[in-house]
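One structure is given below, encoded as structure tokens.
There are 2 protein chains.
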Amino acid sequence: MRSNLVFLLLISSSILFSQDVGKMSEDYISENGVQILNDFKELLSIPNVAFDLKNINKNGEHIISELEKRGVETKLLRMVGTPPIVYGYLPVKKAKRTLAFYVHYDGQPVDKTKWTNDPWQPTYYSKAIFEGGEPIDFPSKSSDIDPNNRIYARAAGDDKAPIISILSALDLIKENKLKITSNLVFFFEGQEEAGSRQLREYLEDNKELIDQIDLWMFCDGPVHQSRKPQLVFGVRGVTGMEITVYGPNRPLHSGHYGNWAPVPGQMLSDLISSMKDEKGNIIIDGFYDDVEPLSESEKLALQNVPEIDSQLKSELGVNTTEGSGSYYERLLLPTLTIRGLSSGNTGKLARNVIPATATASIGIRLVKGCDPEKQKDLVEAHIKKQGYHIVREEPDQETRLKYPKIAFITRDSGYPAARTSMDTPVVQSVINRTKEVIGEDLILLPTLGGSLPLYLFTDVLQKPAIIVPIANHDNNQHAADENLRVENLWYGIKLMSALMTIQK
Amino acid sequence: MRSNLVFLLLISSSILFSQDVGKMSEDYISENGVQILNDFKELLSIPNVAFDLKNINKNGEHIISELEKRGVETKLLRMVGTPPIVYGYLPVKKAKRTLAFYVHYDGQPVDKTKWTNDPWQPTYYSKAIFEGGEPIDFPSKSSDIDPNNRIYARAAGDDKAPIISILSALDLIKENKLKITSNLVFFFEGQEEAGSRQLREYLEDNKELIDQIDLWMFCDGPVHQSRKPQLVFGVRGVTGMEITVYGPNRPLHSGHYGNWAPVPGQMLSDLISSMKDEKGNIIIDGFYDDVEPLSESEKLALQNVPEIDSQLKSELGVNTTEGSGSYYERLLLPTLTIRGLSSGNTGKLARNVIPATATASIGIRLVKGCDPEKQKDLVEAHIKKQGYHIVREEPDQETRLKYPKIAFITRDSGYPAARTSMDTPVVQSVINRTKEVIGEDLILLPTLGGSLPLYLFTDVLQKPAIIVPIANHDNNQHAADENLRVENLWYGIKLMSALMTIQK
């Protein structure tokens, strides 16, 4: 029914055509919405915790068969004892590029006692539970579907929604006889929530399957909390360290020795305090030196990101934030966060002692340009500058007597940040296509605050990689009562259809 | 046998006489040592944890009967559900003064798994276990007793040794027909190790029994660690507070919010660090203002206390101590000790979060002149000066949004220090008498570092109070394998005899 129109538009301007992909998907959804929701329900009904290998394999096999139904060449990439990777390939003639869609089909483990319903018995709600939504039957006719309805189930938002979006987009394209313009690779991982432990190995072992990819698109995470669509171009890296400082070699009576024995909690406070200024800016020499500055495109993009500071402050009960700058500006700097402090006891267990040690656990987030090892080296150099002798194991008596201040440091492993330039031609094509179909107010976010091993793609594979989220920001990702707003599923179908049919 | 000699000496100079009390006690011990050790063993065999009321009463009754055998008027002061106080009174004609001997007959609770022998089956050792001592039979003849022998049992050092010393001194005095020159009060408490909770009430309820006392002597604690005898004239007071500072109203993802959300561990470190300078001197306004300076006698006494800093440093694995000054000088200042720190988690439990709170437990020791409430007020004033809004309960959302920095403070109760002037006439008599019998190198210590509610006597009863210790410093007080060195028991008998027969 739509093919005549498509034909007309194919010979018309690409913008006209693009607008029509939007319209086509709206029509497609209004005709097939009930079926799409049922397909989603079926996919969400298969338990998908990574270590539950029996069920995780069922997920993989279900998805493989859905891809095959749609003419995709598939392969289940297997490594003994690990969740398989669903690999799909859809080559087209005269392809302008190869685009990869990364999705993960596993979900976070669940604590069923915290869920309103069984996490793997998808439940349909009139609207969000926190808005007063009620459970209702899955719709039996399209006119019953309200875009504010929500589907509650583990992985509804993180990260099975893009799978159904992709499958539906393939159906829509077929039905409308649209032309897929790029070779498409589908790379669906089964252990992202378990730390993607074998991801690097899978990539290395299957080089020939992924070598031709021009752009990796990570269909994961939520859209902006203003509910506006967004594309994201980077993530922060992550590492950390733990520092223990020493007082006497055993806890001492705070009366007999108070004012005389060194107090490790005091020493540690002095040390931590020396790392930041009053505003919360890090004053460790060189800590910001390697930060790669924003490009002009990134600066411009940042200016157009809606401000969220006041909303966040009020939600989180915060009067004043760290450092100077807006939330999004602050994501562009490496962090140093006291994620834990311990010495002696507090509360009811507090005793009148001078504890023997005090420990700080420090989390470090990295931005593009910063090396995880070098940033830790800088922190250590700072600690030395404060007069500390650094040791790699518990100090013995001789060491204790030799040095006035001793810090026992353990270093976390970690990985660097990644940020793909918005100016890369293939990325430009994606940005432009998305704007054509979604609208000009598409948010372009240089980086997320959180960390993903995106560097495996940008730095190891040396390919551009961006994040293409579709879920609602309030999808309760990782928590109980995870859900997807139906409108976001519709958005996902529209977006995937657009990206598969990029004109330029 | 000795009475003739005593008679001669009574009409001779008091110094000659005093030296002879020393000699008399040596003779007495060499004749009666076996019996004294057996009496001690019997007393130590009665379990004496304060909450074990059945056994604690047995202790009280045993001691009462021992006092009565020696002609002391006794009274068991009782309060329902609490360990009784053994009160004894020995009036003499033409008494120059009334001296009270305070001892506590309860001991610390025990963890039997940590003891080499049963804590209430006194075991005799050739020397200290840590010196390689072996268990041997209790001696059957005096010549078998070595002053280096030790008796292992709960309360051997803390605090039943003075009881046997007092009983033996009374026997010695009787046998030698010495003249007791002061009215003697014996005040033996049964719940010191449980916090002396009803002590104040006992004192108030029995005013008429204690009103005439001129000097309270606390026979408790160890002698100097050089093994030299010492008298102690004061203790530090004690109080404390707990401070919690606030970041966001729930733990946040350190990636999504790192660099933006305030980090409570950082804020707390800044706050703690602002309380002391680099050397460890407290820089809270007014914290040292009320410290009562040492008198000339106290200064002189302090100069004669043997230095113990190098020994302590090497024992405790400390290269550099807090502040400036020797161990004994540092005891003369109020303290501020971080006895506990907590925020988020460290070690294996560390997670990539910005914790919602950070808490410090602060111990404060006081010296003479400092008021427990005022010192806490000073700390609070300092916290306010750092920009904090102080709350007395968990802050609500409105408060959180209103103030950039919030500190939730709880204040411990506490009590002040006490220090009795060495120049008080009755105290001078005790000092002089002890020197006569023990020797000129008696250590006079203005204050201990630890705390006892001595203020109940000095400030509430308004009577001088001093500490007269006899136990060895390495008696494992409060710990497993508590013990008394036999030489210290002999010292106790000699000292008690001397104090009961002060000439001037």
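The listed protein sequences correspond, in order, to chains A and B.
Note that the working numbering gives residue 234 to position 234 of the first sequence, counting from 1, and the numbers run on in steps of one.
Note that the working numbering gives residue 124 to position 124 of the second sequence, counting from 1, and the numbers run on in steps of one.
Even glycine gets a Cβ: it sits at the ideal position worked out from N, Cα and C.
Query	Result
Quick one: residues in its chain with C-beta nearer than 7 angstroms to the C-beta of residue 85 (chain A), no 5 flanking neighbours on either side, listed in chain order?	77, 187, 188, 189, 190, 202
With respect to the beta strand (DSSP E) encompassing residue 359 (chain A), which residues constitute its N-terminal and C-terminal limits?	357-366
By DSSP's criteria, residue 483 (chain A) is part of a beta bridge. Which residues make up the other side?	A:152
Mind pulling the chain A residues with CB within less than 8 angstroms of residue 321 (chain B)?	260, 261, 262
Determine the extent of the beta strand (DSSP E) in which residue 62 (chain A) is found, giving its start and end residues.	Not the beta strand (DSSP E): residue 62 (chain A) falls in the alpha helix (DSSP H), residues 53-69.
Under DSSP, the beta strand (DSSP E) around residue 88 (chain B) begins and ends at which residues?	85-90
Return the residues of the region 216-244 of chain B that lie within a Cβ-Cβ distance of less than 9 angstroms from chain A, sorted by chain order.	235, 236, 238, 240, 242, 244
Determine whether the Cβ of residue 488 (chain A) lies closer than 8 angstroms to any Cβ atom of chain B.	no
Any idea which residues DSSP pairs residue 338 (chain B) with across the strands?	B:362
Buried or exposed: which applies to residue 304 (chain A), given that a residue is buried once 16 or more other Cβ atoms fall within 10 Å of its Cβ?	exposed
So with CB distances below 9 angstroms, who are the chain A contacts of residue 266 (chain B)?	272, 273, 275, 276, 280, 322, 336, 337, 338
When the cut-off is 8 angstroms and only beta carbons count, does residue 15 (chain A) lie next to chain B?	Confidence at residue 15 (chain A) is low in this model, with a pLDDT of 44, below 50, so the placement of that residue should be treated as unreliable; the coordinate-derived value is given next. No, residue 15 (chain A) does not count as interfacial toward chain B.
Does the region 365-376 of chain A come within contact of the region 250-260 of chain A, defined as at least 3 CB pairs closer than 8 angstroms?	no
Would you please verify whether the beta carbon of residue 447 (chain B) is less than 8 angstroms from any beta carbon of chain A?	no
Please determine, among A:470, A:44, A:340, the residue with the shortest C-alpha to C-alpha distance to residue 123 (chain A).	A:44
So, is the C-beta of residue 294 (chain B) closer than 8 angstroms to a C-beta in chain A?	no
Taking residue 211 (chain B) as the reference, which of B:193, B:315, B:161, B:100 has the closest Cα?	B:100
Which class does residue 381 (chain B) belong to by DSSP, given the choice of helix, strand or coil?	helix
In this structure, how does DSSP classify residue 490 (chain B) when only helix, strand and coil are distinguished?	helix
Using a Cβ distance threshold of 8 angstroms, determine whether the region 475-488 of chain B contacts the region 420-427 of chain B, with at least three qualifying pairs required.	no
With a threshold of 16 other CB atoms inside 10 Å of the CB of residue 200 (chain A), please say whether the residue is buried or exposed.	exposed
Would you give the residue range spanned by the beta strand (DSSP E) that residue 411 (chain A) belongs to?	406-411
Using a Cβ-Cβ cutoff of less than 8 angstroms, which residues in the same chain neighbour residue 383 (chain B) once the five nearest sequence positions on both sides are dropped?	243, 271, 390, 407, 409
For the region 105-120 of chain B against the region 480-492 of chain B, are there 3 or more C-beta pairs whose distance is under 8 angstroms?	yes
Alpha carbon to alpha carbon, what distance is there between residue 444 (chain B) and residue 505 (chain B)?	Residue 505 (chain B) lies beyond the residue range present for chain B, which begins at 1 and ends at 504; the question has no answer from this structure.
Short check: CB of residue 470 (chain B) to CB of residue 495 (chain B), under 8 angstroms?	yes
Helix, strand or coil for residue 571 (chain A), going by three-state DSSP, please let me know.	The question about residue 571 (chain A) has no answer, for chain A in this structure spans 1 to 504.
For residue 300 (chain B), is the classification buried or exposed, using 16 other Cβ atoms within 10 angstroms of its Cβ as the cut-off for buried?	exposed
Comparing alpha-carbon positions, which option in B:155, B:182, B:267 lies nearest residue 47 (chain B)?	B:155
Against chain B, does residue 119 (chain A) count as a neighbour if the rule is that its beta carbon must be under 8 angstroms from one of theirs?	no
When the Cα atoms are used, what is the spatial distance from residue 25 (chain B) to residue 172 (chain B)?	7 angstroms
In the region 399-415 of chain A, which residues sit with their C-beta less than 7 angstroms from some C-beta in chain B, listed in chain order?	400, 401, 402, 403, 404
For residue 435 (chain B), which of B:485, B:472, B:503 has the nearest alpha-carbon?	B:503
Thinking residue 148 (chain B) and residue 361 (chain A) are a contact (beta carbons under 8 angstroms), I'd like their distance in whole angstroms, please.	About 49 angstroms separates the two Cβ atoms, so there is no contact after all.
What are the partner residues of residue 230 (chain A), as DSSP defines its beta bridges?	A:443
Note down, in chain order, each residue of its chain lying with its Cβ closer than 6 angstroms to the Cβ of residue 135 (chain A), except the 5 sequence neighbours on either side.	123, 125
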